[in-house]
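Novice: Take this structure, written in C-alpha cells, and hold onto it; I'll ask about it next.
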Amino acid sequence: MLYIVGLGLGDEKDITVKGLEAIRRCDKVYMEAYTSLLSFGLSSHGLSNLEKLYGKPVTVADREMVEEKADGMLAEARSSDVAFLVVGDPFGAINGTIFSSYYVYYLNYRATTHTDLVVRAKRLGIDVKVVHNASVMNAVGVCGLQLYHYGETVSIPFFTETWRPDSFYEKIQKNRMLGLHTLCLLDIRVKEPSLESLCRGRKVYEPPRYMTINTAIEQLLEVETGQGQGVYNEDTNCVGLARLGSEDQMIVAGSMRQLRTVDFGAPLHCLVIVGSTHPLEEEMLEFYKLEGRTSEPKEDVTAD
C-alpha cells in the first residue's frame, strides 16, 4: 500500500488521527520537501519533533527524488506499506505551488506531480490510499470571504529580467467581472537550477526563495500598467495572509497600496483580491483592517 498523507498547514500536530495511524503502520516514511514547509521548517530539530510524534524515521524527499527517482519508493510499496507525507492536502494547493523549473511555467504543479505518482502506482498494481487534510484552498476562509464567492485561483511567478508572464491577468479580470474573489498563490523556488548552470550542462541550485505579498502586489500593478484595462489598481481591496494555520498566522485587509507597506514576516504568503462582498463578509473583514500596522516590508525571503 502507498499512503499519501496530508499534514495540514501548521506543525507536526496538525496531522489527522487517520493519517497518524497510517504512518505508524508503514515500514518506510518519506516527506516531500519542495512544494511547501510546515511552520517548523525542515531543520534537524523540527524533523526530530516530527519523527518523535509519528514514531517513525522520516526520509526527506527532495524535488529531484520525487520527479526522477520515484521508482524506488514505488518498488518498496509493492511489497510493504509506504507513506508519502505532503504538507497541506495531497491534491490541494498550498501557499505557493508554482515552479519555474528550468524557467518553464508550470501551473498547479503540486496536483500534477501527486496525480502522476498515483497513476504510476496504480499501473504497477499498488493500492493507494489518500488521507486528506487542510490546505490554503479552504483555510483561506478564515479571513471571512466566503469560499463559494471565489473564482479561479491564479499563481504569481517571480519575474526575471527576461521573463515576465502575465497570463494570470485575464483570469483575475474574469473573476472581477463576475464579482468573485481571487486567491493568488505566490511563487516558491526550491532546488531551482540556475540558468547559467543549465547552459553549462551541470546543475547548480539557487538558494530557496519565497515570494512576499509585497512583491506580488508590485508585480500585479506592473502588469496592470502594461495592460491598462483597469482590472484593479492601488485602491483595490485585498487581504494578505501569511503562515496560514500556524500560531503566528497574520491576516491584514486593506488596499494594494496599504498592503505593500506591511511586513508580513516569514513565509509562506498568499494574497486575495477582493470582489463584490456580502455585508457579513464586510463585517468580518473589519477585524483585519489595517490600523497603524504599516512598516517597511522585507524583501522576498531567501533561505541560506
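In terms of UniProt numbering, the sequence shown has 11 at position 11, counting the first letter as 1, and numbering is strictly consecutive.
The C-beta atom is built at its ideal place from N, Cα and C for all residues, glycine as well.
(1) Mind checking whether S80 and D127 have CB atoms under 8 Å apart?
(2) Which residues in the same chain as V58 place their Cβ atom closer than 8 Å to its Cβ, once the five residues preceding and following it in sequence are excluded?
(3) Just how far apart, CA to CA, sit G92 and N237?
(4) Over the uninterrupted beta strand (DSSP E) stretch that includes A266, give me the two end residues.
(5) Taking K129 as part of the beta strand (DSSP E), name the residues at either end of that continuous run.
(6) Look at the alpha carbon of Q146 and the alpha carbon of E76, and state the distance between them as a whole number of angstroms.
(7) When the Cα of H114 is compared with those of A266, Y3, L271 and G19, which residue comes out closest?
(8) Three-state secondary structure (DSSP) at T59?
(9) Within this structure, are the beta carbons of G10 and G245 separated by less than 8 Å?
(10) Locate the beta strand (DSSP E) running through M250, then write down its first and last residues.
(11) Considering only the alpha carbon of each residue, which of V119, S155 and K56 lies closest to P165?
(12) In or out: E21 buried (at least 16 other Cβ within 10 Å) or exposed?
(13) Quick check on the DSSP output: what are the complete alpha helix (DSSP H) runs of length 4 or more inside the stretch 203–244, in order along the chain?
(14) At the level of alpha carbons, what is the spacing between V5 and T212?
(15) What residue range is occupied by the uninterrupted alpha helix (DSSP H) comprising L74?
(16) Please say whether E234 and G144 have beta carbons closer to each other than 8 Å?
(17) Could you give the distance in angstroms between the alpha-carbon of T160 and the alpha-carbon of K69?
(18) Can you name, in chain order, every residue of its own chain whose Cβ lies under 6 Å from the Cβ of K171, other than the five neighbours on each side?
(19) Answer with buried or exposed for H181, where buried requires no fewer than 16 other C-beta atoms within 10 angstroms of its C-beta.
(20) For F159, name the three-state secondary structure that DSSP assigns.
(21) Based on the DSSP secondary-structure assignment, which residues constitute the bridge partners of L271?
(22) Residue range of the alpha helix (DSSP H) that G6 falls in?
(23) For Y288, I'd like the list of residues in its chain whose CB is within less than 8 Å of its CB, leaving aside the five on either flank, ordered along the chain.
(24) In this structure, how does DSSP classify E32 when only helix, strand and coil are distinguished?
(25) Would you kindly check if the distance between the Cβ of V118 and the Cβ of R176 is under 8 Å?
(26) For V136, is the classification buried or exposed, using 16 other Cβ atoms within 10 angstroms of its Cβ as the cut-off for buried?
(27) Of all the options F168, A139, Q258 and G179, which has the alpha carbon lying nearest to the alpha carbon of L220?
(28) By the three-class DSSP mapping on this structure, what secondary structure does L9 have?
Specialist: Result, derived from the coordinates:
(1) no
(2) V29, Y30, M31, L47, L50, E51 and L85
(3) 25 Å
(4) No beta strand (DSSP E) contains A266, which DSSP labels as neither H nor E.
(5) V128 to V131
(6) 43 Å
(7) Y3
(8) strand
(9) yes
(10) M250 to S255
(11) S155
(12) exposed
(13) 213–227
(14) 28 Å
(15) A70 to S79
(16) no
(17) 30 Å
(18) E152 and V154
(19) buried
(20) coil
(21) C184 and G240
(22) Taken as a continuous stretch (DSSP letters only), G6 belongs to no alpha helix (DSSP H), being part of the beta strand (DSSP E) at L2 to G6.
(23) C143, G144, V239, I251, V252 and A253
(24) strand
(25) no
(26) buried
(27) F168
(28) coil
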